[in-house]
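Below: one structure, written as structure tokens.
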């Protein structure tokens, strides 16, 4: 990863061209704490401070680089804490990703998922590989997934200018002077495909008892733009339409000086927190994430963890923390030399471990095989993580950014991998409240928690995933 302050090559285009390394010459972290004291507190179970987290993430600010001996001590403490907190179960979920659209004008520099929204207009001749789905298409994908035994649909989409919360929101947005500039709105009639409204999309996906996990804080802001509605108002309307929980993505790093560099068009930290509070107030569970390994320092990572823990202290609504290691290859930040890579594997391990030690009020920490691959993902399960994502069946965001680890894991894959490290494979519901232990000797394995699940494997083999329903869907991390 290019260190903060390294300007790299002189970039052009994609918004990254405007970034000067001097603009984010973030200071090397230093604290009044020592690594040894922070580690002792972690081992004792004392609530850590942000400075403690900095020391553990850096394996000491008193020396450059990651100290391998200190790192192993942090990982050992986190693995012990994981065992004490949640035992030896490793959970996973039968889910599918169904994102509505890649159309977006936000311009995040870490993202290669988006396509310029202008390219989707009916009179545009721009060539692009993106998509927009109608509510009817989303419903068909979910129905097919239900028949396979899936019981969670995760949807994280671009901010299409024609997407509004509902018909009333369309009227409010259209009444603005120059709505395209004032509130990033153009009517559906301008586009080749009408995405419907957020309410219509949620209603379409909320069929057959499936759990709908959708509407990030950024999407919730888009669904209330140009109004005086609160986040709670928006999430209550979506809950009534069938939304079951909200993903705490679009978080990136919850420190505004970092957000100003990598996603200046996105909401700030305060708005992200307010959206999550609104979702919980509306009766929804939420998740939390951190996308790290780009321009931030370990101090920023620690401050981010502090925001998450404070939010959980106030709301109690966060079911899991999901660290997302930056996939750099096809992103504007990398193409234009702002960064020269992502986080190292040692950094991945420390982020998971410190999350387990610092987030003493969040039960579950996820390891991502999409980001890390199977072998490294399993390693992260011995660094404090206890959840191993889901079957997914399709993934687009990480793949477009340059991810190399595929889009599907079967239940048999999970059972084999989890038992290989001496842990217990467990099928779970999205909210972790329903669980089913799997017997490694009783295969082949398939989901049983879904409304149409009977234990049949989701797909006949891994290679068939690309041709199954949902394969054209977009992924769901950040």
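Numbering (our numbering), first residue to last: 1 to 478. Heads up, the beta-carbon is just placed ideally off N, CA and C, and yes, glycines get one too.
Quick check on DSSP: helix, strand or coil for residue i?
i	result
residue 287	strand
residue 213	strand
residue 340	coil
residue 321	strand
residue 388	strand
residue 155	strand
residue 184	coil
residue 91	strand
residue 445	coil
residue 101	strand
residue 364	strand
residue 436	strand
residue 132	strand
residue 458	coil
residue 54	helix
residue 482	Missing from the structure shown is residue 482; the chain here goes from 1 to 478 and no further.
residue 66	coil
residue 374	helix
residue 115	strand
residue 96	strand
residue 121	strand
residue 146	helix
residue 45	coil
residue 357	helix
residue 137	helix
Hey, out of the options, whose CA is closest to residue i's CA?
i	options	result
residue 104	27, 162, 150 and 56	162
residue 364	238, 447, 329 and 309	309
residue 34	188, 62, 27 and 43	62
residue 149	353, 307, 243 and 94	94
residue 360	26, 45 and 37	45
residue 446	427, 434 and 262	427
residue 135	174, 287, 92 and 198	198
residue 25	296, 313, 318 and 329	296
residue 408	417, 415, 392 and 421	392
residue 31	54, 204, 132 and 37	54
residue 209	224, 450, 456 and 454	450
residue 479	196, 218 and 101	Summary: the structure shown does not reach residue 479, with the chain confined to residues 1 through 478, and so no result is reported for it.
residue 160	56, 74 and 119	119
residue 196	138, 228 and 218	138
residue 371	175, 43 and 349	349
residue 204	259, 143, 414 and 341	143
residue 167	178, 260, 188 and 154	188
residue 291	307, 201 and 327	327
residue 321	252, 211, 115 and 331	252
residue 38	357, 455 and 436	357
So, residue i versus residue j, is the Cβ gap smaller than 8 Å?
i	j	result
residue 245	residue 285	yes
residue 226	residue 183	yes
residue 368	residue 389	yes
residue 287	residue 250	no
residue 333	residue 304	no
residue 109	residue 267	no
residue 52	residue 60	no
residue 311	residue 234	no
residue 152	residue 419	no
residue 220	residue 145	no
residue 339	residue 247	no
residue 74	residue 354	yes
residue 443	residue 413	no
residue 546	residue 57	Nothing about residue 546 can be reported from this structure: the residues present for the chain run from 1 to 478 only.
residue 128	residue 147	no
Return the chain-ordered list of same chain residues with a C-beta closer than 6 Å to the C-beta of residue i, the five sequence neighbours on each side being excluded.
i	result
residue 180	186
residue 472	Unreliable placement is indicated for residue 472, whose pLDDT of 35 sits below 50; the coordinate value is still reported in the next sentence. So the list is empty, once near-sequence residues are dropped.
residue 265	106 and 107
residue 401	Residue placement at residue 401 is flagged as unreliable, the pLDDT there being 41, under the threshold of 50; a coordinate-derived value is accordingly withheld.
residue 258	296 and 300
Give me, in chain order, the residues of the same chain whose beta-carbon lies closer than 7 Å to that of residue i; leave out the 5 immediate sequence neighbours on both sides.
i	result
residue 485	Since the displayed the chain opens at 1 and closes at 478, residue 485 lies outside it and no answer follows.
residue 85	363
residue 377	367, 368, 369 and 388
residue 79	382, 383 and 384
residue 232	278, 281 and 282
residue 41	48 and 52
residue 239	282, 283 and 284
residue 212	153, 202, 205, 206, 242, 243 and 244
For a test of your reading of the model: does the CB of residue i fall under 7 Å from any non-hydrogen atom of the ligand ATP? Yes or no.
i	result
residue 311	Among the ligands in the structure shown, none appear at all, so the ligand ATP cannot be discussed.
Could you name the residues of the same chain whose beta carbon sits closer than 8 Å to that of residue i, not counting the 5 residues immediately before and after it, in chain order?
i	result
residue 423	88, 89, 90 and 381
residue 352	78, 323, 365, 367, 380, 383, 384 and 385
residue 483	Here the chain has residues from 1 to 478 only, and residue 483 is not among them.
residue 342	1, 293, 294, 325, 326, 327 and 328
residue 71	59, 346, 349 and 350
- Task: Quick one: which unbroken beta strand (DSSP E) runs of 3-plus residues sit fully inside the region 241-294? Chain order, please.
- Result: 285-292
- Unbroken stretches of the beta strand (DSSP E), 3 residues or longer, contained in the region 188-237: 211-214
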